[in-house]
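Take a look at the structure set out below.
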Amino acid sequence: MSGFTPNIADKDVRVVVGLDFGTTFSGFAYAHTTNPNNVETNDTWHNRKALVKTNTALLYDEKWNVTQWGAAALASKPK
């Protein structure tokens, strides 16, 4: 691995994760280092299949707790 964290040895890394925080859509993927060509992506967001990304949106309550995220946040009406 190239030197982001020199204290971590290659043998200590088990999973590599990719995060895409976009301005419109976000998603993630991961692969186990023992099988790096088998990249897993999430394709189900709030029971909507075949979507590798969801809306980059959060809905907060009056105490700033996240109550919904993704497409559900956009579909919810704020109180």
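In this text, residue positions in the sequence shown follow full-length UniProt numbering: the first is 1, and each later residue adds one.
Glycine is no exception: its CB is placed at the ideal position from the N, C-alpha and C atoms.
A quick note: this is a predicted structure, and the numbers were derived from the prediction, not measured.
### Query
Who does residue 49 pair with in a DSSP beta bridge?
44
### Query
Short check: CB of residue 14 to CB of residue 41, under 8 Å?
no
### Message
Using 8 Å as the threshold, is the C-beta distance between residue 28 and residue 17 below it?
### Response
yes
### Query
Distance, Cα to Cα, residue 69 vs residue 20?
15 Å
#### Entry: CB of residue 67 within 8 Å of CB of residue 74, strictly
no
### Query
Near residue 64, what residues of its chain come up, given a Cβ to Cβ distance below 7 Å and the 5 sequence neighbours on each side ignored?
none
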